[in-house]
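S.K.: Numbering (our numbering), first residue to last: 64 to 152.
By construction, the Cβ of each residue, glycine as well, lies at the ideal position given by its N, Cα and C atoms.
Could you have a look at this structure, given as structure tokens, before my questions?
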């Protein structure tokens, strides 16, 4: 979570800056694989994101946003479960 908060995380948009990967794009969506993309929009993780939303919001209608996910300590457990469920790291 700290790496996501600081922007120093092993996603392609960050890794491509240093030549660690050939492309900054998400292999599934062909969009820049940024923290926002990973947390909020990547179609590869839609199911996992739905589980995350249900864990955080009883009405399942609240939109997820990076600030609330990374900024609130009460979201830590659900966010860690989401990250683990993606098998991205």
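Kindly list the residues whose CB is nearer than 6 Å to the CB of residue 145, restricted to its own chain and excluding five residues on each side of it in sequence; keep chain order.
M.R.: 111, 115, listed in sequence order.
S.K.: On the three-state DSSP scale, how would you describe residue 127?
M.R.: Of the three classes helix, strand and coil, the one that applies to residue 127 here is coil, per DSSP.
S.K.: Just grab the DSSP bridge partners of residue 90 for me.
M.R.: For residue 90, which the question treats as bridged, DSSP gives no partner whatsoever.
S.K.: With C-beta atoms as the reference, is residue 102 less than 8 Å away from residue 137?
M.R.: It is not a contact, given that the beta carbons lie outside the stated cut-off.
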